[in-house]
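Residue numbers (the numbering used here), protein chains in the order written: chain A, 1084 to 1361; chain B, 19 to 791; chain C, 265 to 436. Presented below is the structure to which this report refers.
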């Protein structure tokens, strides 16, 4: 086994080209569990923690976007300027694991693992973030909807990795909510990100399907039947909740039943919509 | 000033705070090898073959052993003949995680690789994880020699049908007290070093002498050559009293390899291999009169033992049935139980061990009587309490005579602190305001059995005896060493026993050292469990210390040429009352005690030492009144504990800092059982689905409420300290308070009961279906 | 760029550069601290970041050392519980745990001590909720957290009133 400690994106690409089977180490919150508990013995590890470029974020005011390096830990998204720019991401970041996990865990790691319960992912889906993927042939932008293709499956090609995630900035409201059995350190049994702009509400659902689900039906119904400038009526909320539930495709597992997950995403979406007017 | 009763800071803390405490896995002797176990991937199967060749080929692997290498050693006791447990599975595996083979390597990464390289082929047998499955018509016996999965049955002589039928009303509940894991933060760990002149085993264990006693027998070596040390122990809660196979295998490997051998569980291993607790199913029924007085109680208990009959596991239901009537004077009580083996991790003691189950069911059914009569739950309790004047109180079981209590006073204090009437008024107002969360208040007037125990009691759980030992030894400079056979795992014995010894001896707290946990140093011992530390070990130290003082006074009187009865001990010195300045220091007395020319002729040199085995005439019975106020999200079922009031009566409090710490911790575990925790298995495969801390939800600081603590005191008349013990109180008292509060909040939906853990999902379902979850 | 096979590398722990010898390159920082560097203060209790017993500070961030590949922590400043107290004395946080009764079995304690130091160094006046959230990655099975929270509040107050000398600066 070897551990490489590259300091630039180019070096990472070189390493991956030379050894496409090398394992990337981001925050360690997934890989090290595999090593500690599941006997995983990667032969070659490329640790990303020294690649400064991956650990920075920036605002492009002309394009009205924020680009966050794949190695920025969740802890940095919880407060400060990033939290002001992307409040839903901040809310999601605060629910990731524990403070120790958030100090280490990154968006890049979340995207590498692509668990449907990954806390940051519904925010990427609702905000229609684009993912900057780097590989031997340069970089390409992948829409989040095309990036996550199944349970723990993404569309990265061999020797590619995530450099950054770009979020569009908007003047609307955005929020994130999650339910789980306890307050801290809990894997979401259901999570929702809602983004409301002048003419549209985007809703993305986590942990209720093989990938993050956009509640397209609910979004379209709201756009057609709800005046965005005023708070929703009870009837509107009820129908919105129903359509959100309908969009979900949850399963039963030992953490929750499908029925409760479906119910919960409806409640969370309704509450977020209500909150967006308060 | 008396130290007993004072808030004294802990002696043991500086080392623990600075990371210089010594837990088993912190020990790394030279040449230490690391053992790791190949464990069963099947819940019930026969072993066809074990192939260890690939593992042996890995560089750094020293050896791999299977049951075939342990044929010289007997099986471990299973509580009853025919239920013995092989140290390594032989022919049959009975639960996922059961050790099948052991790998020894240079370090734990290599050992883990080697474990993965061992191939075991199995032929699956029928998997039965529940009492229902294990007793169904198509069940197969886990122990063919025993014939049935029902291991013990204690039937009732009278099902009380007649008495119940005569009553104004009957209330019944089917109650599942779910399986829990103790989850000490330090998992099981053992280090064995077999030397030509004897074996030393360091084990994270609550009862090192108890381990030594059987380990020596099992290894067929004299106890004098078998030293067991429990160094700093990172929590236990009952799970570290069990004779786990790993503790026996490590010494054998050390002998074979002639190297020290260490084994330390991963959390997943701990979740599968350390004994679980609870896992009882109750059918409880009472008959009551119109005024809420309960006339008859019937409790039928089924205990899931897991895959092997642990001696303690077999006794849990006994304790449950003993405590069936709780704090109430119920004229007719009938209990029965059966114990059943299943393809799950063995069940043994977990904080409370049999008593939380009893308290939970009686406190739930009392609330159900309140529900059915329309009376306030506090009133129903008050009408049924055993009055303070009725103690000692003989219960339905002759082994159980409650020592002392004042239930009405405890409940009154609890209601005062929680401001009961105000909460009830707020609840009434909330009913008409759906914009606010549901509000509920729950009470628990619990009582438990502790201070284990009178002669014969712990013997029933496989222990040597039920006393506890103390040895008090004065050094020539007047400092003292106190040895106790009760070795702690977080309770603060060094502090607690020093306080008691200091008061008795008149030696200052800082000049007393407490030594526990080493069979080579402590004369004999039983251990720390059953809330016995203060009542038994504390009393032993008190009596031994007072005997030493008596002799010290004779020496002091001799030196001062004064009468013994004129002496008092103040500030590490013996003073003649009324003669200021006429005194001799404890150091001088101690020094003289070793000099034959300076002591009274009837004393011998070295007389300032006392060894004592303190027996108890009875158990002790801590009790209390708890109240819990919850808010429930009407849409998600999410529960928030708004208030948790804890009024405890543990008799004499040695140190409020330690006592309240025990209450907080016990209550946290009780809340955890009520809201979060539960071990579960895939019922078709027997695979555990909660074998890590991501799926087994031990609460964090963010999940638990602040605690409001109160106290009432009735002394225990059965030990010199008057102490009742407090280690398990919180875990006994809290679950019914929380669940009663939740059921109270859900009453408008017609919900009579909700099983633990009351997850948001269960509560949501209960609200939706308007009935039992 | 550095590439490492199985040769010696070094870690900066509590201000000292310590060589790591005879190790497998995939070892966790927790394992290396305990088994290679003789610093057993950080405890292993879940090996998946769920209990916080192994918490250390790396470059001013509190992380679970079980989830850190030791070899990737070269060049970083690592602080463990052994490096918090000034001159072998208890730090103010440690003393406050003692005073408040925040210790029982002690196994989770070093992780809590490190996490609390980290919290108060970044936020000298945390609210009750902030304390609970900051410590939500540290599991204690003994105390029910009541005394631990008291200890944190007490040390925060005494630091703000400057009544103790061995605050952040002293502990470094």
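Think of the CB as a built atom: it goes at the ideal place given N, C-alpha and C, for glycine as much as any other residue.
With a threshold of 16 other CB atoms inside 10 Å of the CB of residue i, please say whether the residue is buried or exposed.
i: residue 725 of chain B; result: buried
i: residue 757 of chain B; result: buried
i: residue 489 of chain B; result: buried
i: residue 622 of chain B; result: exposed
i: residue 430 of chain C; result: In this prediction, residue 430 of chain C has a pLDDT of 46, which is less than 50 and means its spatial position is unreliable; what the coordinates show is noted afterwards. Its Cβ being crowded by 16 or more others within 10 Å, residue 430 of chain C is buried.
i: residue 628 of chain B; result: buried
i: residue 171 of chain B; result: exposed
i: residue 473 of chain B; result: exposed
i: residue 19 of chain B; result: exposed
i: residue 433 of chain C; result: Since pLDDT at residue 433 of chain C reaches only 41, below the 50 mark, its modelled position is unreliable, and the value read off the structure follows with that caveat. Classification of residue 433 of chain C: exposed, given that the 10 Å Cβ count is below 16.
i: residue 435 of chain C; result: Because residue 435 of chain C sits at a pLDDT of 37, beneath the cut-off of 50, its placement in the model cannot be relied upon, and the following sentence gives the value as read from the coordinates. Flag for residue 435 of chain C reads buried.
i: residue 33 of chain B; result: exposed
i: residue 593 of chain B; result: buried
i: residue 589 of chain B; result: exposed
From the options, pick the residue whose C-alpha is nearest to that of residue i; which is it?
i: residue 454 of chain B; options: B:466, B:289, B:653; result: B:653
i: residue 495 of chain B; options: B:571, B:626, B:302, B:732; result: B:626
i: residue 196 of chain B; options: B:145, B:321, B:204; result: B:321
i: residue 610 of chain B; options: B:201, B:601, B:570, B:596; result: B:570
i: residue 421 of chain B; options: B:594, B:667, B:655, B:531; result: B:667
i: residue 205 of chain B; options: B:646, B:773, B:507, B:548; result: B:507
i: residue 1121 of chain A; options: B:132, B:66, B:76; result: B:132
i: residue 262 of chain B; options: B:104, B:336, B:148; result: B:104
i: residue 407 of chain B; options: B:760, B:483, B:732, B:584; result: B:732
i: residue 702 of chain B; options: B:781, B:151, B:451, B:38; result: B:151
i: residue 2 of chain B; options: B:676, B:660, B:700, B:745; result: This structure gives no information on residue 2 of chain B, because the portion of chain B shown stretches from 19 to 791.
i: residue 417 of chain C; options: C:285, C:395, C:408, C:295; result: C:395
i: residue 381 of chain C; options: C:292, C:313, C:344, C:391; result: C:344
i: residue 324 of chain C; options: C:363, C:290, C:383, C:297; result: C:383
List the whole-angstrom C-beta distance separating residue i from residue j, where the pair is believed to meet the contact cut-off of C-beta under 8 Å.
i: residue 142 of chain B; j: residue 60 of chain B; result: 6 Å
i: residue 1287 of chain A; j: residue 1209 of chain A; result: 4 Å
i: residue 464 of chain B; j: residue 525 of chain B; result: Not confirmed; about 38 Å, so no contact.
i: residue 120 of chain B; j: residue 106 of chain B; result: 7 Å
i: residue 403 of chain C; j: residue 716 of chain B; result: 5 Å
Looking at chain E, is there any beta carbon in it that lies within less than 8 Å of the beta carbon of residue i?
i: residue 596 of chain B; result: The question asks about chain E, but that chain is absent: this structure's protein chains are A, B and C.
Do the region 300-310 of chain B and the region 393-402 of chain B touch if we need at least three Cβ pairs shorter than 8 Å?
yes
Taking a cut of 8 Å between CB atoms, which residues from the region 641-664 of chain B lie near chain A?
653, 654, 656
Can you confirm whether the region 609-623 of chain B touches the region 564-579 of chain B when touching is taken to mean that 3 or more C-beta pairs between the two stretches lie within less than 8 Å?
yes
If you measure beta-carbon to beta-carbon, which residues of the region 1252-1266 of chain A are closer than 8 Å to chain B?
1262, 1264, 1265, 1266
Whether or not the region 541-561 of chain B and the region 52-68 of chain B are in contact is what I'm after, with contact meaning three or more pairs of Cβ atoms, one per stretch, closer than 8 Å; do they touch?
no
At a Cβ cut of 7 Å, what residues of the region 348-373 of chain C count as close to chain B, listed as they run along the chain?
349, 354, 358, 361, 362, 363, 365, 367, 368, 369, 370, 371, 372, 373
Are three or more beta carbon pairs between the region 214-223 of chain B and the region 249-259 of chain B nearer than 8 Å?
yes
Would you call the region 81-90 of chain B and the region 142-160 of chain B touching, i.e. three or more CB-CB distances under 8 Å?
no
Between the region 1150-1169 of chain A and the region 1247-1259 of chain A, are three or more C-beta pairs nearer than 8 Å?
yes
Chain A contacts from the region 129-159 of chain B (Cβ-Cβ distance under 9 Å):
130, 131, 133, 134
Would you be able to state if there are at least three C-beta pairs under 8 Å between the region 363-383 of chain C and the region 274-282 of chain C?
no
Could you say if the region 456-466 of chain B and the region 632-650 of chain B meet the contact criterion of at least three C-beta pairs nearer than 8 Å?
yes
When you compare the region 41-50 of chain B with the region 100-114 of chain B, are there three or more beta-carbon pairs, one atom per stretch, that lie closer than 8 Å?
no
Just checking, does the region 352-363 of chain C make contact with the region 318-333 of chain C on the three C-beta pairs under 8 Å criterion?
no
Residues in the region 678-708 of chain B having any Cβ partner in chain C nearer than 7 Å
679, 682, 683, 685, 686
Contact between the region 1292-1311 of chain A and the region 1325-1338 of chain A: three or more CB pairs below 8 Å?
yes
Please name the residues in the region 246-270 of chain B whose beta-carbon is closer than 9 Å to at least one beta-carbon of chain C, in chain order.
250, 251, 252, 253, 254, 255
How do the region 580-591 of chain B and the region 500-514 of chain B stand: do at least 3 beta-carbon pairs fall below 8 Å, yes or no?
no
Touching by the beta-carbon criterion (3+ pairs, under 8 Å), the region 272-289 of chain B and the region 22-29 of chain B:
no
Tell me whether the region 515-534 of chain B and the region 480-487 of chain B touch, counting them as touching only if at least three CB pairs, one residue from each stretch, are closer than 8 Å.
no
What are the residues of the region 388-401 of chain C that lie near chain B, defined by any Cβ-Cβ distance shorter than 8 Å?
395, 396, 397, 399, 400, 401
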